[in-house]
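Quick note on numbering: the sequence shown equals residues 1 to 392 in full-length UniProt numbering.
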Amino acid sequence: MASMSTWGKEGGPVRSVPDAGGRGYPALDGLRGLAAIIVVYYHVTGVATGFRGGIFGHGYLAVDLFFALSGFVLFHAYEERFRQGLSVGAFLWLRLIRLYPLYAIGLSIGLAANGLILLIDPTQGITGGHLLSSIATGLVLLPSLPPTGDLFPLNGPCWTLMLELMANILMAILWRRISVRTMVVLCATLAVILTVYVTAHGDVAAGDKWSNLLFGLVRCALSFSIGILVRLLSGGRTPGTAPGNVMLGLLCLALAALLICSPPAQYAGPYDLAFILVASPLFILLGSRIAPTGSTARLCSLSGGTSYALYVTHCPMIGVVLLWSYTTGTLVYRDHLLLFASGYTLVFAALAYALDRLYDVPVRRWLGRQRGSMAPNAIPVPRPVPDHGRAA
């Protein structure tokens, strides 16, 4: 049976941030929410099959879209604030307020899940000593100490949060040097490096282990930079207002098809590179120009609002369910995999919604007040918008 830490192979959405005028990107939130759901299916089905391809076999590409979305919306939201004097330290505090409360919940679920696994079968999962050391490093959003193979054995997808935060800090430090020319050169260089990796390893599924952390860094840096470049090439436009329910529906269908489909193994590498370098920026560019209306806007608000909570909480309990299934002989997991994956996703989507509304938003508001007047200007919090949802 696979170790607990392999159950968090990919993931990581971070919700869009409104610009200074409070305008967000509801269509991008909808795409993010869809990608987060596919990540859950990818993990649930992948654990059962050993991540050996099949349906949802390229769901790991969602994380590259998440990184690109983050680069786009954060540069859009914070460039002007940096010009107005927002310091790197203040920006880092704001990002920690956004990321850490739900990260702490995910870490707690991971601790409980690994504890249950030790009680059910001590030969599975991680050792008690490894568990304690992973708690110590995880509390400060740092990876588990080597020579452990996995960066975040308590909640595998959290490697993306660590790299996300690193990219955020570099953006805050170097924002004055960001230009179209600089980003084109950077993206081209990183694309060459990633292509070399793909040629040797077959795909871009890297970053969750110490052995492939370097290429996880490249992967994050490339997609995050692509997001910034798309923002620069858009000419500094404000979020689009053109009604686009049909267009958004087509984008969602295209995204789902690309993440669910699995090409033959010999084409996996080129497929991954094409998604990162072509499809992902196109999704962001097109999604940023449309504004869904009515119930579609509300659905985008709901899915985007819960996507981060869903991502950061869903993974650890997969291992508990799988181990219980094997030890009791209850093989519904194996025999009805898609049905089980759907039920599992619904349960954790409901949990994510509750955590977002009842825990994350109040905690972030409270933390924001600790920094006084800085909070209203930079901490996105949900507010009712009858027809257009929210982008937070």
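Each residue gets a CB set at the ideal place from its N, CA and C atoms; glycine is no exception.
In or out: residue 396 buried (at least 16 other Cβ within 10 Å) or exposed?
Nothing about residue 396 can be read from this structure; the chain reaches only from 1 to 392.
Can you give me the C-alpha to C-alpha distance between residue 58 and residue 136, rounded to a whole angstrom?
As a working mapping, residue 58 is identified with position 58 in the sequence shown. As a working mapping, residue 136 is identified with position 136 in the sequence shown. Cα to Cα, residue 58 sits roughly 32 Å from residue 136.
Between the CA atoms of residue 71 and residue 248 - distance to the nearest angstrom:
Counting from 1 along the sequence shown, the entry for residue 248 is found at position 248. Counting from 1 along the sequence shown, the entry for residue 71 is found at position 71. Across the structure, residue 248 and residue 71 are spaced so that their CA atoms are roughly 21 Å apart.
Using the C-alpha atoms, what's the distance from residue 289 back to residue 125?
In the sequence shown, the residue the question calls residue 125 occupies position 125. In the sequence shown, the residue the question calls residue 289 occupies position 289. For residue 125 and residue 289, the distance between alpha carbons rounds to 46 Å.
Measuring straight from C-alpha to C-alpha, what distance separates residue 61 and residue 224?
Translated into positions along the sequence shown, residue 61 becomes position 61. Translated into positions along the sequence shown, residue 224 becomes position 224. Approximately 14 Å between the Cα atoms of the pair.
Using the Cβ count rule (16 or more neighbours within 10 Å means buried), how would you classify residue 134?
In the sequence shown, counting from the first residue as 1, residue 134 sits at position 134. It counts as buried.
If we count the other Cβ atoms within 10 Å of its Cβ and call it buried at 16 or more, is residue 150 buried or exposed?
In the sequence shown, the residue the question calls residue 150 occupies position 150. Residue 150 comes out buried.
Here's the rule: buried if 16 or more other CB atoms are within 10 angstroms of the residue's CB, otherwise exposed. What is residue 22?
Against the sequence shown, residue 22 aligns to sequence position 22. Below a pLDDT of 50, predicted positions are generally treated as unreliable, and residue 22, at 44, falls in that range; the measurement from the model is reported next regardless. Residue 22 is exposed by the Cβ-count criterion.
Can you give the Cα-Cα distance for residue 181 and residue 118, rounded to whole angstroms?
Taking the sequence shown and counting its residues from 1, the one referred to as residue 181 is at position 181. Taking the sequence shown and counting its residues from 1, the one referred to as residue 118 is at position 118. Rounded to the nearest angstrom, the two C-alpha atoms are 53 Å apart.
If you scan the stretch 48-98 from start to end, which runs of the beta strand (DSSP E) of 3 or more residues do you find wholly inside it?
none
Measuring only from the beta carbon, is residue 69 closer than 7 Å to any heavy atom that is part of the ligand ZN?
In the structure shown, the ligand ZN is absent, as is every other ligand, since no ligand is present at all.
Taking C-alpha atoms, which residue in 81, 165 and 146 lies nearest to residue 140?
The residue given as residue 140 occupies position 140 in the sequence shown. Checked all of 81, 165 and 146; the closest Cα to residue 140 is 165.
Reducing DSSP to helix, strand and coil, say where residue 27 ends up.
As a position in the sequence shown, residue 27 is number 27, starting the count at 1. It is helical.
List the DSSP bridge partners of residue 150.
Counted from its first residue, the sequence shown places residue 150 at position 150. In the DSSP output, where bridge partners are listed per residue, residue 150 has 209.
Tell me the rounded alpha-carbon separation between residue 159 and residue 205.
Taking the first residue of the sequence shown as position 1, residue 159 is located at position 159. Taking the first residue of the sequence shown as position 1, residue 205 is located at position 205. Going from the Cα of residue 159 to the Cα of residue 205 covers about 13 Å.
Might you give, ordered along the chain, the residues of its own chain that have their beta carbon closer than 7 Å to the beta carbon of residue 280, omitting 5 neighbours on each side?
Sequence index remark: in the sequence shown, residue 280 carries index 280 (1-based). These residues qualify, in order along the chain: 64, 65, 68, 223 and 226.
Under 8 Å between C-beta atoms of residue 155 and residue 315
The residue labelled residue 155 in the question sits at position 155 within the sequence shown. The residue labelled residue 315 in the question sits at position 315 within the sequence shown. Yes. Within cutoff.
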